[in-house]
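Protein chains: 2
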Amino acid sequence: MNGTTDATLPGLRDIERAADRLAGIAVRTPLLESPMLNRLAGGRVLVKAEPLQRTGSFKFRGAYNKLSALPPERRNRGVVAFSSGNHAQGVAAAAQLLGVRATIVMPADAPLIKLNNTRALGAEVVTYDRDREDREAISRRIVSETGAELVPPFDDPEIIAGQGTIGLEIAEQADALGVRPDLVLVPCSGGGLVAGVSTAIAERLPGVPVYSVEPEGFDDMARSLRAGEPVQNSPGARSICDALLAPSPGTLTFAVNRRTLAGGLVVSDEAVRRAMAVAFETLKLVVEPGGAVGLAAILDKRIDLAGTTAVVVCSGGNVDGRLFAEALAG
Amino acid sequence: MNGTTDATLPGLRDIERAADRLAGIAVRTPLLESPMLNRLAGGRVLVKAEPLQRTGSFKFRGAYNKLSALPPERRNRGVVAFSSGNHAQGVAAAAQLLGVRATIVMPADAPLIKLNNTRALGAEVVTYDRDREDREAISRRIVSETGAELVPPFDDPEIIAGQGTIGLEIAEQADALGVRPDLVLVPCSGGGLVAGVSTAIAERLPGVPVYSVEPEGFDDMARSLRAGEPVQNSPGARSICDALLAPSPGTLTFAVNRRTLAGGLVVSDEAVRRAMAVAFETLKLVVEPGGAVGLAAILDKRIDLAGTTAVVVCSGGNVDGRLFAEALAG
């Protein structure tokens, strides 16, 4: 794995340090439950509600941890990130809190709510054409021109450790309920969220299987886990899960996930729309398409819950009203 | 006031006892905040998120407290309630948890989600025609035929005390944030929720003004407070706030509210729709029309928030998808 060794993988200590940095700053999101959702799922479901996180998604955790971990003299030269939206808002909010200038490179066709929110958080937004321009090249140019620090979306130990704080909270909150989960489902794009959560769960709830969940056409993590090496998605695939379109696992995230994950599940856009409607009706929670894949896997019976308790991470809620209304209309 | 004296009004001790009964059973709902919502409101806004409560509204608190306070030999004869929906679900869920039979008298045109959810909670639902039949007479008939206990929707000390636990939580959660609120806004129909919350706030945050908020055409509490005696709403009024259509304040709730409230605010259905859309976008929270009146009062500048911190109770999230989609469409 490009020379990735155990020593370079983020561990429990890194996640605990991230939790200390995020204490009182990130929202300790609740673990929600609904008897009606349990009936629909055929088992007990505890939903980790990251739409209620600052900026409406888990991405704030990793971004704030990463920026906090940078030496001030580097951080103060500003930060740059490329993102379809949630990482953009996470970095912008973290930079604003730390008094740092942020430039975010975003696709021109990103959901309007994500573009607007990123600007509202004080960041400079640079848009690009998703089909013709290379966002990484644009970001590198800004880095070389300004000396700013690039904040990667997932393939970074401090980003992974920040997202891993969700795993710590799941273990603590389940314990407070007197519950030991039988499995944990986590949405997956580049794999940073599931890498962090699975690292924390492996230490705090050893033996509890953690699964990544991806949309059809973007199931690179599931196939990479089976292949034992990172594979790419085929070009041209489409999904309503705009937050989960990474082309392949990261080097570091795959090195973690191949050790920690029990497997990868895959869901259809149709199942995702239904999961959004069920979250609306039973949890009163707004969940964006990419945030709802774990719930979709359960409702679509991609895994059998009979007699078990599942923790499902709902990772974000940044969705345009029109798309949300379409999901409600079924 | 029909002989209502201080001695019969619910006090802090009753609310604390309710909090003990509800501990580990009701959800301790979070106090949510959004920088974007703060900007729109022109002040700091902390939202007490009761859509995340069991059954999707605060009504579970009062119902569970009332049923718990009944002697078992009376409770075990079953309970009856009449309600347009949220009280119905609250009583049904409380009865189910306590192993008691529940019969709920609901208008045939109540939101489908509320009818279905009440049945799913194991209650027997008896529907009636809102324009031609008297729900109280139907309920009394069931009581006399079965010996079941009537659970009133708001005009009852144990119901008020149960809703008051929201006030205790607001005081504790604000304190944990290091914040002293400058005002508290609470949706109002019969006035049980605002009576309970204002009683708790008067003790735990003395001097902090609490306001009731009602929809236009159903502003009986605001007018009663000004008149110094209970007044009725004019017949024939309509509002999308299906949870806030009580015709007049309760005897007990008015006796409390005339002492505890700073005043009553009134909002339009249009402001309510916008508040629902803002809660969707900034809080990722599903709020039903009646639950959103406090947020509507702030966004519509019914009260000046400049330089202040307001706590707004969002009281429920049981709304049909079509109505919610209409609110999002503006």
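As they're listed, the protein sequences go chains P and V.
When we follow the numbering used here, the leftmost residue of the first sequence carries the number 1, and every step to the right adds one.
When we follow the numbering used here, the leftmost residue of the second sequence carries the number 1001, and every step to the right adds one.
The beta carbon of each residue, even a glycine, is placed where N, CA and C say it ideally should be.
From a predicted model like this one, the values you see are computed outputs, not experimental measurements.
| request: Give, in chain order, every residue of the region 111–134 of chain P whose Cβ lies closer than 8 Å to some Cβ of chain V. | output: When C-beta distances to chain V are compared with 8 Å, the residues of the region 111–134 of chain P below that value are Ile-113, Asn-117, Ala-120 and Leu-121, in chain order.
Assign Gly-1317 (chain V) to buried or exposed, taking buried as 16 or more other Cβ atoms, counted over all protein chains shown, within 10 Å of its Cβ.
That one is buried.
Next on the checklist: Taking the straight line between their C-alpha atoms, what separation do you get for Arg-322 (chain P) and Leu-112 (chain P)?
Outcome noted: Spanning the two alpha carbons is a distance of roughly 11 Å.
Is DSSP giving Lys-1301 (chain V) helix, strand or coil here?
Three-state DSSP puts Lys-1301 (chain V) in coil, outside helix and strand.
Self-check item: Interface partners of Lys-59 (chain P) on chain V, CB under 7 Å
Solution: Chain-order list of chain V residues neighbouring Lys-59 (chain P): empty, with the shortest C-beta distance near 14 Å, by a criterion of under 7 Å.
**Prompt:** Of all the CB atoms in chain V, is at least one closer than 9 Å to the CB of Leu-32 (chain P)?
**Reply:** For Leu-32 (chain P), the answer is yes, since a Cβ of chain V falls inside 9 Å of its Cβ.
Mapping the DSSP letters down to three states, classify Glu-1149 (chain V) as helix, strand or coil. Here Glu-1149 (chain V) sits in strand by DSSP.
### Query
Between the region 1301–1313 of chain V and the region 1042–1049 of chain V, are three or more C-beta pairs nearer than 8 Å?
Taking a cut-off of 8 Å for Cβ pairs, the region 1301–1313 of chain V and the region 1042–1049 of chain V touch, as three or more such pairs fall below it.
Check your understanding: Can you check whether the CB of Leu-185 (chain P) is closer than 9 Å to the CB of Ile-104 (chain P)?
Key -> Taking 9 Å as the cut-off, the Cβ atoms of Ile-104 (chain P) and Leu-185 (chain P) do not count as close.
- Locate the alpha helix (DSSP H) running through Gly-56 (chain P), then write down its first and last residues. Boundaries for Gly-56 (chain P): no alpha helix (DSSP H) harbours it, and the DSSP string shows neither H nor E there.
Practice problem: Have a look at Asn-1002 (chain V) and Met-1221 (chain V) and give me their C-alpha separation to the nearest angstrom. | Solution: Its pLDDT being 47, under 50, Asn-1002 (chain V) is placed unreliably in this model, and the coordinates cannot settle the point.
ask   = Straight-line CA distance for Val-1319 (chain V) to Pro-1289 (chain V)?
value = Roughly 8 Å separates the two Cα atoms.
* Asked: Could one say the Cβ of Pro-1289 (chain V) lies closer than 9 Å to chain P's Cβ atoms, at least one of them?
  -> Not one chain P Cβ lies under 9 Å of Pro-1289 (chain V).
*Counting along the chain, where does the alpha helix (DSSP H) carrying Glu-1270 (chain V) start and finish?*
It spans 1269–1278 - the alpha helix (DSSP H) in which Glu-1270 (chain V) sits, taken as one unbroken run.
Kindly list, in the order they appear in chain P, the residues whose Cβ is closer than 7 Å to that of Ala-1041 (chain V). Within chain P, no residue has its beta carbon less than 7 Å from that of Ala-1041 (chain V); the closest one is some 14 Å off.
Chain P contacts made by the region 1143–1166 of chain V, where a contact means CB separation under 7 Å
Only those residues of the region 1143–1166 of chain V whose C-beta falls short of 7 Å from the nearest C-beta of chain P would be listed, and there are none.
task = Inspect the beta-carbon positions of Ala-1093 (chain V) and Tyr-1064 (chain V) and report whether they are closer than 9 Å.
result = Going by C-beta atoms, Ala-1093 (chain V) is nearer than 9 Å to Tyr-1064 (chain V).
Could you please give the first and the last residue of the uninterrupted beta strand (DSSP E) stretch that includes Thr-1127 (chain V)? For Thr-1127 (chain V), the enclosing beta strand (DSSP E) covers residues 1124–1128.
Checklist line | Contacting residues, own chain, Cβ-Cβ under 6 Å from Ala-1296 (chain V) (five flanking each side not counted) | finding: Contacts found: Val-1267, Ala-1271, Val-1272 and Ala-1275.
- Cβ-Cβ distance between Leu-1070 (chain V) and Glu-1149 (chain V) below 9 Å: In this structure, Glu-1149 (chain V) lies closer than 9 Å to Leu-1070 (chain V) by Cβ.
**Item:** Local conformation of Asn-2 (chain P) per DSSP, three classes
**Value:** Reliability fails at Asn-2 (chain P), whose pLDDT of 47 lies under 50, so the model's placement of it is uncertain and no value is given.
Determine, for Glu-1172 (chain V), whether the minimum Cβ-Cβ distance to residues of chain P falls below 9 Å.
Chain P contact via Cβ: absent.
- Item | Any chain P beta carbon closer than 9 Å to Ile-1015 (chain V) | No, its Cβ sits nowhere closer than 9 Å to a Cβ of chain P.
Quick one: Cα of Asp-1014 (chain V) to Cα of Gly-190 (chain P), how far? Near 52 Å, if we compare the C-alpha coordinates of Gly-190 (chain P) and Asp-1014 (chain V).
Can a CB atom of chain P be found closer than 9 Å to the CB of Leu-1067 (chain V)? It does not: the Cβ of Leu-1067 (chain V) has no partner Cβ on chain P nearer than 9 Å.
Taking Lys-971 (chain V) as the query, report the chain P residues whose CB atoms sit under 7 Å from its CB, ordered along the chain. Residue 971 (chain V) lies beyond the residue range present for chain V, which begins at 1001 and ends at 1330; the question has no answer from this structure.
query: For the region 249–279 of chain P, which residues have a CB atom closer than 8 Å to at least one CB atom of chain V, in sequence order?
result: Residues of the region 249–279 of chain P with a C-beta atom less than 8 Å from some C-beta of chain V are Ala-277, listed in chain order.
| Per-residue DSSP class, three states only, for Arg-1258 (chain V) | In this structure, Arg-1258 (chain V) counts as helix in the three-state DSSP scheme.
query: In the structure shown, what three-state DSSP assignment does Pro-30 (chain P) receive?
result: Three-state result, Pro-30 (chain P): coil.
- Task: Find the nearest neighbour of Arg-1130 (chain V) within the set V:Asn-1116, V:Met-1106 and V:Leu-1115, judged by alpha-carbon distance.
- Result: Of V:Asn-1116, V:Met-1106 and V:Leu-1115, the residue nearest in Cα terms is V:Met-1106.
Indicate whether the contact test is met: 3 or more Cβ pairs, each with one atom in the region 1165–1172 of chain V and one in the region 1021–1037 of chain V, closer than 8 Å.
Touching, yes, given that three or more Cβ pairs across the two stretches are closer than 8 Å.
Proximal residues, the region 180–197 of chain P versus chain V, C-beta separation under 9 Å
Cβ contacts with chain V come from no residue of the region 180–197 of chain P.
| request: Give the interface partners of Ala-329 (chain P) over in chain V, defined as CB-CB distance under 9 Å, in chain order. | output: Near Ala-329 (chain P) (Cβ distances below 9 Å), the residues of chain V are Gly-1321, Arg-1322 and Ala-1325.
If I measure Cβ to Cβ from Ala-1329 (chain V) and keep anything under 7 Å in the same chain, skipping five residues before and after, which residues do I get? The answer is none, since no qualifying residue turns up.
* Which whole-angstrom value describes the C-beta separation of Gly-250 (chain P) and Tyr-211 (chain P), a residue pair presumed to lie in contact below a C-beta threshold of 8 Å? -> The beta-carbon distance between Gly-250 (chain P) and Tyr-211 (chain P), rounded to whole angstroms, is 18 Å. This is too long to meet the 8 Å contact definition.
Legend entry - Identified DSSP bridge partners for Tyr-211 (chain P): Partner(s): P:Leu-185 and P:Gly-263.
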